[in-house]
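Step one of this worksheet: look at the structure below.
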């Protein structure tokens, strides 16, 4: 088990190291977050709608669209350099390769999510009066479910001639539970509703994340093998 | 089952299916009494409800055949999965078109973001992904494998449909026919019409399924013929 986790971390570390040196995905996602915040600001008529009332929806949409931007390129480097065959020939289990990619993407997306909250908090003058720890739990579970699915389908998209354009068609229909439970929980926590009101959402987000992480890890070999 | 037998079954099931669909329409328009609460518009249920049952049957087949295909790699299972997906998608489309027609009168709107309706629409898109993935790879074998994976992941969404129905407030009419508290509490003539609808759509589905399966088999044989060098074919013929 320990050895398995070491292999998972080796893959995640490699991806994070490449990202740390190139800043490719983080730069794109970071710029997207700030720019979409600006566009959202000008797209809302504040005389009719209070931005605070729809902040949770805007935040989750930004996480998903920004995340797709970065996660869609998860296997690009391996694809371009034909390095995937090398990784597949190495003695690493295929599920560990997938889980490593998920861990790397989760850390990467966590940085982006932190930026989303800072930017939207500043742009829309958001006041948070709920439990911060519960909010972290909601966002972490939602992001984990999102990452596990998008990483999986990103590998599928690299195998397809449609490439990244296939990703939204495959991922968006499956993401509805994350959007429903993530947004409603975030909304309630923003206005300081009790934690008991979002405990159901937390359970559903956890179930979603576990279900798709396990299923995708098991099915990954059918996607990645030539 | 040989190709000749399949063609024969397609013809018989198709003819029976069309005949039963005609009988169903006669029953819907002239025989079954009008429901007291919803009025005439309720008659669309005799098409809508069987369409959804068959749609889910089709997608169940896709999931089952896809999972076993990934496990055993038997080509026939892939053909059955794609046949189930195409036929299932036709009935999902019928369900999605007849639902809003009823909703326009009953709810006063063409579309309502009601959980079952929404996730049914999403299911349609999941299987659109199934077909896109299948056709977008250079290697057809890989396309089949990826589509099977989408089929399996897609069906995992069905329990989430159920859970979201429980959690979110639903505008969708409660299930009457399979209601646990009051099973089969329909007027006998309504039950008979639903039964004929179910039979009609099952026959049409079976015919479409077998027809598509036969086409997939022919495609496979053509692929094999194309892949075989001409000299080998001549030697085999000789």
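Protein chains in written order, with this note's numbering: chain A, 91 to 316; chain B, 90 to 327. Ideal placement from N, C-alpha and C gives every residue a C-beta, glycine not left out.
Buried versus exposed, by CB contacts within 10 Å (16 or more), residue i
i	result
residue 204(A)	exposed
residue 155(B)	buried
residue 143(A)	exposed
residue 93(B)	exposed
residue 159(B)	buried
residue 128(B)	exposed
residue 358(A)	Outside the shown range of chain A (91 to 316) lies residue 358(A), about which nothing can therefore be said.
residue 345(B)	This structure leaves residue 345(B) out entirely; chain B is present only between 90 and 327.
residue 122(B)	exposed
residue 325(B)	Residue placement at residue 325(B) is poorly supported in this model, since its pLDDT is 45, which falls under 50; the coordinates still yield a value, given next. Exposed: under 16 other Cβ atoms inside 10 Å.
residue 138(B)	buried
residue 139(A)	exposed
residue 231(B)	buried
residue 199(B)	exposed
residue 90(B)	exposed
residue 163(B)	exposed
residue 276(B)	exposed
residue 246(A)	buried
residue 144(B)	buried
residue 142(B)	buried
residue 226(B)	buried
residue 161(B)	exposed
residue 291(A)	buried
Short Cβ contact (8 Å threshold) for residue i with residue j
i	j	result
residue 243(B)	residue 219(B)	yes
residue 303(A)	residue 238(A)	yes
residue 74(B)	residue 286(B)	An answer regarding residue 74(B) cannot be provided, because it is not within the stretch 90 to 327 covered by chain B.
residue 257(A)	residue 243(A)	yes
residue 295(A)	residue 206(A)	no
residue 209(A)	residue 123(A)	yes
residue 294(B)	residue 147(B)	yes
residue 194(A)	residue 307(A)	no
residue 231(A)	residue 145(A)	no
residue 181(B)	residue 152(B)	no
residue 117(B)	residue 191(B)	no
residue 276(A)	residue 149(A)	yes
residue 302(B)	residue 95(B)	yes
residue 356(B)	residue 297(B)	It is not possible to answer for residue 356(B), since the shown part of chain B is limited to 90 through 327.
residue 254(A)	residue 162(A)	yes
residue 178(B)	residue 213(B)	yes
residue 159(A)	residue 168(A)	no
residue 165(A)	residue 248(A)	yes
Beta-bridge pairing of residue i - partner residues as DSSP gives them
i	result
residue 124(B)	128(B)
Of the residues the options, the one placed nearest residue i, counting alpha carbons only
i	options	result
residue 265(A)	305(A), 299(A) and 222(A)	299(A)
residue 250(A)	224(B), 160(B), 252(B) and 99(B)	224(B)
residue 314(A)	209(A), 210(A), 139(A) and 184(A)	184(A)
residue 310(A)	133(A), 192(A), 120(A) and 150(A)	192(A)
residue 111(B)	288(B), 206(B), 302(B) and 315(B)	288(B)
residue 171(B)	312(B), 299(B) and 203(B)	299(B)
residue 252(B)	247(A), 200(A), 260(A) and 267(A)	267(A)
residue 283(A)	262(A), 202(A), 221(A) and 188(A)	221(A)
residue 297(A)	287(A), 271(A), 169(A) and 180(A)	271(A)
residue 167(B)	213(B), 212(B), 240(B) and 143(B)	240(B)
residue 222(B)	196(A), 125(A), 260(A) and 212(A)	260(A)
residue 281(A)	98(A), 160(A), 155(A) and 225(A)	225(A)
residue 173(B)	150(B), 195(B), 164(B) and 162(B)	150(B)
residue 91(A)	173(A), 186(A) and 132(A)	186(A)
residue 118(A)	169(A), 188(A), 213(A) and 199(A)	199(A)
residue 182(A)	197(A), 94(A) and 165(A)	94(A)
residue 234(B)	305(A), 111(A) and 316(A)	316(A)
Exercise. Check each residue of the region 179 to 192 of chain B: if its Cβ is closer than 7 Å to any Cβ of chain A, include it; give the result in chain order.
Key: none
Self-check item: Positions along the region 140 to 168 of chain A whose CB lies within less than 8 Å of some CB in chain B
Solution: none
Quiz prompt | Contacting positions in the region 246 to 274 of chain A - beta carbon closer than 8 Å to chain B | solution = 246, 249, 250, 251, 252, 256, 259, 260, 262, 263, 264, 266, 267 and 270
Exercise. Report the residues of the region 298 to 309 of chain A with a CB closer than 9 Å to any CB of chain B, ordered along the chain.
Key: Within the region 298 to 309 of chain A, the qualifying residues are 298, 301, 302, 305, 306 and 309.
Quiz item: When you check each C-beta in the region 234 to 248 of chain B against every C-beta of chain A, which residues fall closer than 9 Å?
Solution: 234, 235, 237, 238, 239, 241, 242, 243, 245, 246 and 248
Quiz prompt | chain A contacts made by the region 298 to 310 of chain B, where a contact means CB separation under 9 Å | solution = Hits within the stretch: zero.
Exercise. Return the residues of the region 101 to 118 of chain B that lie within a Cβ-Cβ distance of less than 9 Å from chain A, sorted by chain order.
Key: none
Quiz item: When Cβ atoms are compared, which residues of the region 202 to 214 of chain B fall closer than 9 Å to chain A?
Solution: Residues passing the 9 Å Cβ filter: 204, 207, 208, 210, 211, 212, 213 and 214.
Quiz item: Quick one, which residues of the region 135 to 161 of chain B are near chain A if we go by CB-CB under 9 Å, in chain order?
Solution: Those residues of the region 135 to 161 of chain B that come within reach of chain A (Cβ to Cβ, closer than 9 Å) are 159.
Practice problem: Closer than 7 Å, Cβ to Cβ, to anything on chain A: give me those residues from the region 216 to 235 of chain B, in chain order. | Solution: 217, 218, 221, 222, 225, 226, 227, 231, 234 and 235
Practice problem: Would you list, in chain order, the members of the region 225 to 246 of chain A that have their beta-carbon closer than 9 Å to a beta-carbon of chain B? | Solution: Sequence-ordered contacts of the region 225 to 246 of chain A with chain B read 239, 242, 243 and 246 [C-beta pairs closer than 9 Å].
Self-check item: Residues within the region 275 to 291 of chain A neighbouring chain B, beta-carbon criterion of under 8 Å
Solution: 290
Quiz item: Mind listing which residues of the region 178 to 212 of chain A have their C-beta closer than 9 Å to chain B's C-betas, in chain order?
Solution: Per Cβ criterion, the list is empty.
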